[in-house]
Amino acid sequence: MGQDEATTGPRRGRIVMLVDNKVEGDSRVQKIARSAAEAGWDVTLLGRSPHEAESRWQLGAAEVRLLPMPNPLDRRRHEFRRSWLRWPLAYRPGGIAEHRAQWVRAWQADLTVRAALLEQRARAGDLDPARVRRVRRGLRLRSAAARLLGRWVWLRTKMMNRVRSGRKFRNPWDRAYTLFWQAVRGDRAWRRLEPGLWDYELAYGPEIDRLRPDLIHAHDFRMLGVGARAKIRAAAQGRRVALVWDAHEFLPGIKPWRDHARWLPAHRAHEREYAPYADAVVTVSADLAELLRREHRLPEPPAVLLNAPAVEHRPADDAAPPDIRAECGIGADVPLLVYGGAAAPQRGLDTLVDALPRLPGVHVALVVNPALRYVEQLAARAAALGAADRLHVLPYVPHWQVVPFLAGADVGVIPIHRWPNHEIALITKFFEYSHARLPLVVSDVRTMAATVRATGQGEVFRAGDVDDFVRAVTAVLADPARHRAAYDRPGLLAGWTWQAQAQVLERVYRRLLPDAGQPAKPDPSTPGAPTPQPSTPGAPTPDLPTTQGAIR
């Protein structure tokens, strides 16, 4: 029996989990699905496919299905119209500008090759001089025409971009539009302000109904509405479905994912409309639990489920994790800082790169999505600073390999900026670095800074301050053993394990489905099968901050 079958006993009930991404890279979602399946639940995890076709695979005993999701409602009606009065020469939306620009580039490339062939034949004496002059003259005229056409395309494209820029929902008219619909429709205003949320409903809703779950576990704010509406439809058919809302973020405190005035009011209204349908709420920290309780007037604080590492999820036939130093091409004596997780400007990775010229000999590994434009910009910045050879961009590894992979570095870095949502929880990489026993350098966001100062596991610097970051890194590299010794403190790492979190999740499910029976027991003969734990390890260590969480 493999680890994917490492449970005994009958299935206890069907759980459908919902997430608005492709699952890969979302360790919290993966660990929850896998642990629930190991406990005997029949788990199907529905995510969003990046392609037009559905894909499926197994995650332990859980089934993962990625659904194709067309998103025409994500575009506003005006995005399909031209601005005839202000920008009459602008291309119409729909891709024609990109097509014309590429066509001009192709024409210019063809003319360049034809000119080169002409010169070759002229040198070889294949053409008489008069003909060579005529053809050259013709090519020059065509090249001039291509350049002129290129300028024309550039002008029309620039006008089109002006139209787009003017429609980013940041003008007084849009603010008035937003306020109008909020006043008229209240929490139902999101239907006008962010109709793209219906694209999720139309992709996921029919699949949920076909699966007929006993419980829906909705990850984060977008999936809350999808799960709530499925619960309502089931009730209309006489079926009771429990809804668990897993709040990864405090929505009022996050940086809007879209640069317009409607995004945050619309999503907050959507969340407020459907939060009352949740039978239970779980979240990532005690502080966030209290904020959610007040924001939505919940009858009780949400259960706290840390996103601690799950090394026990490693498959029995899994290969050894890669060596981070080998991936970087450096030896064991080279100082190595590591950052692993999401890459975005608010994560503060610019601070890390800008510090490289002032940290001679120090290398940096970014374990991120290498295809992101922001990551490409960081690499270009490092090259401009003369430090390209000391910045290494590495892809993600499976979540059960993260801890041993990171352990090969010298320092774990979290340079995150000070947004309200960043202040209230320990993020995923904090737990991963801790279990890798890495000294930490973290920015002064409230909860993380307080924890590091209390434990002594690293240094704190002012967010966005390159000078202070260099100071903190230098201090840690000067005495790493002192900071690593903090992990020897009894009980420090015991509560930051996934096994303890899985017990919290199991208690939530059993309260909502009391007739489901006892959890399945792991097969002790299976390599890597989870070991049963007592119910107390999840308690926070005395005199440490209790605001532990897992926002990636």
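Residue numbers (my numbering): 56 to 607. Even for Gly, the Cβ is constructed at its ideal location relative to N, Cα and C. Since this is a predicted model, take the numbers as computed values, not measurements.
The C-beta distance from residue 541 to residue 510 rounds to 5 Å, short enough to meet the 8 Å contact threshold. With respect to residue 96, residue 70 sits close: the two C-beta atoms are nearer than 7 Å. Assignment of residue 102 by DSSP, reduced to helix, strand and coil, places it in the strand class.
At a Cβ-Cβ threshold of 7 Å, residue 392 and residue 299 do not count as neighbours. Distances from the CA of residue 285 to each of 73, 574, 575 were compared; the closest alpha carbon is that of 73.
Residue 192 sits exposed, since fewer than 16 C-beta atoms from the chains shown fall within 10 Å of its C-beta.
The Cβ atoms of residue 250 and residue 128 lie closer than 7 Å to each other.
Beta bridge pairing from DSSP links residue 394 with 421.
According to DSSP, residue pairing for residue 338 in a beta bridge involves 302, 359. Boundaries for residue 525: no beta strand (DSSP E) harbours it, while the alpha helix (DSSP H) harbouring it runs 521 to 533, taken from the DSSP string. The straight-line gap separating the alpha-carbon atoms of residue 415 and residue 150 is approximately 46 Å. Linking residue 335 to residue 526 through their CA atoms gives a straight-line distance of about 45 Å. Scanning 76, 77, 85, 246 for the CA closest to the CA of residue 365 turns up 85.
C-alpha of residue 160 to C-alpha of residue 174: approximately 21 Å in a straight line. DSSP, read as helix, strand or coil, puts residue 112 in strand. Around residue 80, the same chain offers 451 as residues with beta carbons nearer than 6 Å, after the five sequence neighbours per side are excluded. Within the segment 200 to 250, complete alpha helix (DSSP H) segments of at least 4 residues are found at 227 to 240, 245 to 248, given in chain order.
Rounded to whole angstroms, the Cβ separation of residue 275 and residue 479 is 16 Å, and the two are not in contact under 8 Å. Under DSSP, residue 271 takes part in a beta bridge, and its partners are 71, 298.
A buried status is given to residue 551, since no fewer than 16 other beta-carbon atoms sit within 10 Å of its beta-carbon. Taking a C-beta distance under 7 Å as the contact criterion, residue 236 and residue 324 do not qualify as a contact pair. Taking a contact as a CB-CB distance under 8 Å, the pair residue 233 and residue 317 counts as one, their CB atoms being some 5 Å apart. Excluding the 5 residues flanking it on each side, residue 243 has same chain C-beta neighbours closer than 8 Å at 324, 328, in chain order. The C-beta of residue 307 has fewer than 16 other C-beta atoms within 10 Å across all chains shown, which makes the residue exposed.
For the pair residue 486 and residue 374, the CB atoms are not nearer than the 7 Å cut-off. With a cut-off of 8 Å on Cβ pairs, the segment 408 to 425 is in contact with the segment 442 to 451, counting three or more such pairs.
The way I'd put it, the segment 488 to 496 does touch the segment 518 to 533; three or more beta-carbon pairs between them come closer than 8 Å. The closest CA to that of residue 268, considering only 254, 252, 295, 277, is found on 295. Residue 230 is positioned such that its CB atom lies no closer than 7 Å to that of residue 146.
Spanning the alpha carbons of residue 301 and residue 252 requires a straight line of approximately 18 Å. For residue 304 and residue 544, the gap between their C-alpha atoms comes out near 30 Å.
In this structure, 271 is the residue among 120, 171, 271, 158 with its C-alpha nearest to the C-alpha of residue 68. For residue 382, no beta strand (DSSP E) encloses it; the enclosing alpha helix (DSSP H) starts and ends at 379 to 383. Of the candidates 263, 257, 309, 218, 218 places its Cα closest to the Cα of residue 144.
Sequence-distant Cβ neighbours of residue 283 in its own chain, meaning closer than 7 Å and more than five residues away, are 298, 329, 332. By alpha-carbon distance to residue 258, the top candidate from 105, 567, 558, 315 is 105.
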